[in-house]
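Colleague: One structure, pasted below without further comment.
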Amino acid sequence: MDTQPKPLKGKRIAVVGGGFTGLTAAWKIQQHGGEAVVFEANSVIGGLASGCTLLDVPVEKAYHFLYKTDAHMLGVLKELGLDEKLEFHKSSVATYYDGRLYPMESPLDLIKFTPLTFLNRIRAGLAVLYLQNVRNWEKLTKISALDWLTRYSGKQVTDVIWAPLLRGKFDRYYDKVTMCWLWGRIKQRVESRDKKLGGEALGYIEGGFVTLVDKLEAEIKGSGGTILTDSPISGIQSEKNADGELKHMVSTGNATEEFDSVLLTVPCSVAHRLLREQHEQKSPEYFEKLKSIDYLDAAVLLFATDKPISPYYWHNINTPNSPFVVFLSLTSLIGTQQFNGKHVYYIGDYIPREHEYMSQDPDALKSHWFDALGKMFPEFDEKSVLEHQVFRFRDAQHIVDVGFENKIVDYRTPAEGVYLCNFSQIFPMDRGTNYAVRDGIAMAEMIAKDIGE
Ligand SMILES: Cc1cc2nc3c(=O)[nH]c(=O)nc-3n(C[C@H](O)[C@H](O)[C@H](O)COP(=O)(O)OP(=O)(O)OC[C@H]3O[C@@H](n4cnc5c(N)ncnc54)[C@H](O)[C@@H]3O)c2cc1C
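Here the sequence shown is numbered in this note's numbering, starting from -4 and rising by one per residue.
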């Protein structure tokens, strides 16, 4: 028998956004005895980590894996009885530069990376070694990655290795990104090394991340919660009822429902739009911070072939002016068995909302990227493509610029009873599903403490 205290008994909580933060929060709200109603704008749940099918096999719309250090995600998988479905695989990484592919998995690979002078290969390695051992990351928040790297690993190393990656990931903001962000990325990757596997170990859930999305959905619905898709929230009005209780009226285009509390798991710009009118005067600085956080969108091409293109999992594309930043082979990581011997790939790029990738005809974008891929990998034959799909994601990555720590907003918004939790509050580590589930759990606890019996 479940003997957990139920502080949220009788309370209805609206969870706006059905990504991993919202779904985990709703699952836990149900466990705390509340009634969670998830409103998701899209037609499917899972947010940036949502799934689709390719060759009739479930897979993520955008490439996703877990690190060995993703303890919060491991805990959730265990609690949901899915831990056996998580398997770690040895990753393989290569850098494409100036017409050639270079393996980039070990210090020896760096030593063999001839685009850099020998001295600069040593410098590049020493800088990464130094970063791996940094404990006092706070000082890295004061300097941009580009400046730090130029200072400590030199101009050539920065121009050849780092600047193309920063440009690819952060587009026009590439020179603003804090060194602290890059430090967090390097730390995660280094800590995910596994002696037994002989390199970086990356985790993948059997059946894809959608296995976890489906399980969370079943838990939420099975305990009396509700998930509404195609339900973008367009307004929230907070007011006291006749008994003096604070209630929140949450509206989609065609209906309004009353809740005891609201958890927003949407990007900062959406939260700004939903709350500003009624609450900006109470705390202008909160709304200034929300407004100051910029995001980039992402475009992703997912495709399957019957012939392999590359043996590596992750390809950093470091050639200047490349039309995409990353090329990835899921089946090089997890094997082709799940896909009946076929090969599964992703091409991805982060871009501003107005970039043509966000509105271009999907076939035109595919052709543009396949042309470039064919030049990089002469063994790629477009005729071997069995299926492809193009996805676009809004607000896929926030800009973690110098001084970002001063922009992070509180989970408790100026609207009493309304909470905001999104990946811009994850710092200094990079956003990821591990932190989404950690924060979803924490939000349910916070709400239970604040409004529970
Ligand atoms: C290309 C790419 C690769 C990634 N790779 C990895 C990886 O390998 N490993 C990893 O752990 N993480 C990865 N991530 C990050 C990971 O996907 C996110 O950190 C995580 O999914 C965020 O979950 P979330 O619920 O906080 O946000 P989201 O997934 O963004 O969910 C927010 C939800 O709110 C909805 N919404 C917005 N406005 C409204 C509204 N008005 N009304 C109702 N709903 C609304 C959105 O539709 C969305 O579903 C990757 C992300 C991208 C883009």
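Backbone N, C-alpha and C fix where the C-beta goes; we use that ideal spot for every residue, glycine too.
Under three-state DSSP, which class holds I231?
Modeller: As a working mapping, residue 231 is identified with position 236 in the sequence shown. If DSSP states are grouped into helix, strand and coil, I231 belongs with the strands.
Colleague: Since I believe L270 is in contact with I231 (beta carbons under 8 Å), could you give me their beta-carbon distance rounded to a whole number of angstroms?
Modeller: What you label residue 231 is simply residue 236 of the sequence shown in a count that begins at 1. What you label residue 270 is simply residue 275 of the sequence shown in a count that begins at 1. That belief holds up - the Cβ atoms of I231 and L270 are roughly 7 Å apart, short of 8 Å.
Colleague: Just the C-alpha distance for K284 and L177, rounded to the nearest angstrom, thanks.
Modeller: The count along the sequence shown starts at 1 and reaches residue 284 at position 289. The count along the sequence shown starts at 1 and reaches residue 177 at position 182. Whole-angstrom Cα-Cα distance: 22 Å.
Colleague: Can you name, in chain order, every residue of its own chain whose Cβ lies under 7 Å from the Cβ of F372, other than the five neighbours on each side?
Modeller: Translated into positions along the sequence shown, residue 372 becomes position 377. Hits under 7 Å: I304, S305.
Colleague: When we look at the beta-carbon of R95 and count the other beta-carbons within 10 Å, is it buried (16 or more) or exposed?
Modeller: As a working note, residue 95 is residue 100 in the sequence shown. Exposed is the call here.
Colleague: Do the CB positions of L50 and A299 come within less than 8 Å of each other?
Modeller: Taking the first residue of the sequence shown as 1, we reach residue 50 at position 55. Taking the first residue of the sequence shown as 1, we reach residue 299 at position 304. For L50 and A299, yes; Cβs fall inside 8 Å.
Colleague: Spell out the partners DSSP gives T408 in its beta bridges.
Modeller: Taking the sequence shown and counting its residues from 1, the one referred to as residue 408 is at position 413. Answer by DSSP bridge pairing: none, since T408 is not bridged.
Colleague: Taking the beta carbon of Q332 as the centre, do at least 16 other beta carbons fall within 10 Å, making it buried, or is it exposed?
Modeller: Numbered from 1 along the sequence shown, position 337 holds the residue referred to as residue 332. Classification of Q332: exposed, given that the 10 Å Cβ count is below 16.
Colleague: For F60, which three-state DSSP category applies?
Modeller: As a first step, residue 60 is located in the sequence shown; it is residue number 65 there, counting from the start. F60: coil per DSSP, three-state reduction.
Colleague: What's the gap between the Cα of A437 and the Cα of L297?
Modeller: Counting from 1 along the sequence shown, the entry for residue 437 is found at position 442. Counting from 1 along the sequence shown, the entry for residue 297 is found at position 302. Each residue's alpha carbon lies about 33 Å from the other.
Colleague: Going by alpha carbons, who is nearest to R184 out of G14, K361, S87, G41?
Modeller: Mapped onto the sequence shown, residue 184 falls at position 189. Comparing Cα positions, the closest option is S87.
Colleague: Sorted by chain position, which residues of the same chain lie with C-beta nearer than 8 Å to T408's C-beta, five sequence neighbours on each side aside?
Modeller: Start at 1 with the first residue of the sequence shown, and residue 408 comes out as number 413. Around T408: L259, A266, L270, H274, Y281, Y414, L415.
Colleague: Let's test the definition: count the other Cβ atoms within 10 Å of the Cβ of K235 and tell me whether it reaches 16, buried, or not, exposed.
Modeller: Stepping through the sequence shown from its first residue, residue 235 is reached at position 240. When all chains shown are included, K235 counts as exposed.
Colleague: According to DSSP, what are the bridge partners of Q392?
Modeller: For the purposes of this step, residue 392 is taken as the residue at position 397 of the sequence shown. Its beta-bridge partners are L291.
Colleague: To the nearest angstrom, report how far apart G194 and K63 are at their CA atoms.
Modeller: Residue numbering aside, residue 194 sits at position 199 when the sequence shown is read from its first letter. Residue numbering aside, residue 63 sits at position 68 when the sequence shown is read from its first letter. Answer to the nearest angstrom: the Cα atoms are 12 Å apart.
Colleague: Shorter than 7 Å, the distance from the beta carbon of S256 to the closest heavy atom of ligand 1, or not?
Modeller: Stepping through the sequence shown from its first residue, residue 256 is reached at position 261. Checking every heavy atom of ligand 1 against the Cβ of S256, none is found closer than 7 Å.
Colleague: Between I200 and ligand 1, is the CB less than 7 Å from at least one heavy atom?
Modeller: For this step, residue 200 is matched to residue 205 along the sequence shown. I200: no, Cβ never under 7 Å from ligand 1.
Colleague: Are the CB atoms of K461 and V432 nearer to each other than 8 Å?
Modeller: Any answer about residue 461 is impossible in this case: the structure gives the chain only from -4 up to 448.
Colleague: Ligand 1 and N37: does the residue's C-beta get closer than 7 Å to at least one heavy atom of that ligand?
Modeller: If you number the sequence shown from 1, residue 37 lands on position 42. Within the cutoff, so yes.
Colleague: Taking 7 Å as the cut-off, is the beta-carbon of Y352 closer than that to any non-hydrogen atom of ligand 1?
Modeller: Taking the sequence shown and counting its residues from 1, one reaches residue 352 at position 357. No, Cβ of Y352 sits at least 7 Å from all heavy atoms of ligand 1.
Colleague: Using a threshold of 7 Å, is the CB atom of L207 nearer than that to any non-hydrogen atom of ligand 1?
Modeller: As a working note, residue 207 is residue 212 in the sequence shown. Checking the Cβ of L207 against ligand 1 gives no.
Colleague: Cβ of P98 versus every heavy atom of ligand 1: is any distance shorter than 7 Å?
Modeller: As a position in the sequence shown, residue 98 is number 103, starting the count at 1. The answer is no for P98.
Colleague: Please classify I181: does DSSP put it in a helix, a strand, or coil?
Modeller: Here residue 181 is taken as the residue at index 186 of the sequence shown, counted from 1. Three-state DSSP puts I181 in a helix.
Colleague: Taking the runs of the beta strand (DSSP E) that are 3 residues or longer, which of them lie wholly in the segment 90 to 140?
Modeller: List check, beta strand (DSSP E) in window: 95 to 98.
Colleague: Rounded to whole angstroms, what is the Cα-Cα separation between K444 and K107?
Modeller: Here residue 444 refers to the residue found at position 449 of the sequence shown. Here residue 107 refers to the residue found at position 112 of the sequence shown. When rounded, the distance between both Cα atoms is 56 Å.
Colleague: Taking 7 Å as the line, does the beta carbon of V11 fall inside it for any heavy atom of ligand 1?
Modeller: On the sequence shown, position 16 is the one that residue 11 refers to. Yes.
Colleague: Using a Cβ-Cβ cutoff of less than 8 Å, which residues in the same chain neighbour F34 once the five nearest sequence positions on both sides are dropped?
Modeller: As a first step, residue 34 is located in the sequence shown; it is residue number 39 there, counting from the start. Only A9, V10, V11, G12, G13, L223, S226, P227, I228, V245, T247 meet the Cβ criterion.
Colleague: Should R167 be labelled buried (16 or more other beta-carbon atoms within 10 Å of its own) or exposed?
Modeller: In the sequence shown, counting from the first residue as 1, residue 167 sits at position 172. R167 should be labelled exposed.
Colleague: According to DSSP, simplified to helix, strand and coil, what is G46?
Modeller: Stepping through the sequence shown from its first residue, residue 46 is reached at position 51. In the structure shown, G46 sits in a strand (DSSP, three-state: E or B).
Colleague: Check this for me: beta carbons of L323 and H84, under 8 Å apart or not?
Modeller: Translated into the one-based positions of the sequence shown, residue 323 becomes position 328. Translated into the one-based positions of the sequence shown, residue 84 becomes position 89. Not a contact, by the Cβ cut-off of 8 Å.
Colleague: Ignoring anything shorter than 3 residues or poking outside the segment 293 to 338, list the beta strand (DSSP E) runs there in chain order.
Modeller: Listed in chain order, they are 309 to 312, 321 to 324.
Colleague: Given 7 Å as the limit, tell me if G179 has its C-beta closer than that to any heavy atom belonging to ligand 1.
Modeller: Here residue 179 refers to the residue found at position 184 when the sequence shown is read from its first residue. It does not: the Cβ of G179 is nowhere closer than 7 Å to a heavy atom of ligand 1.
Colleague: Flag P473 as yes when its Cβ comes closer than 7 Å to any non-hydrogen atom of ligand 1, and as no otherwise.
Modeller: In the structure as shown, the chain begins at -4 and stops at 448. Residue 473 is therefore absent and cannot be evaluated.
Colleague: Report all residues from its chain with a CB closer than 6 Å to the CB of Q392; omit the five preceding and five following residues, and keep chain order.
Modeller: As a first step, residue 392 is located in the sequence shown; it is residue number 397 there, counting from the start. So the list reads L291, Y345, once near-sequence residues are dropped.
Colleague: Can you check which of these residues, V54, A21, S419, is closest to G217 by C-alpha distance?
Modeller: The count along the sequence shown starts at 1 and reaches residue 217 at position 222. Out of V54, A21, S419, A21 has the C-alpha closest to the C-alpha of G217.
Colleague: What does M174 pair with, by DSSP beta-bridge criteria?
Modeller: If you number the sequence shown from 1, residue 174 lands on position 179. DSSP, once it has assigned bridges, lists no residue as partnering M174.
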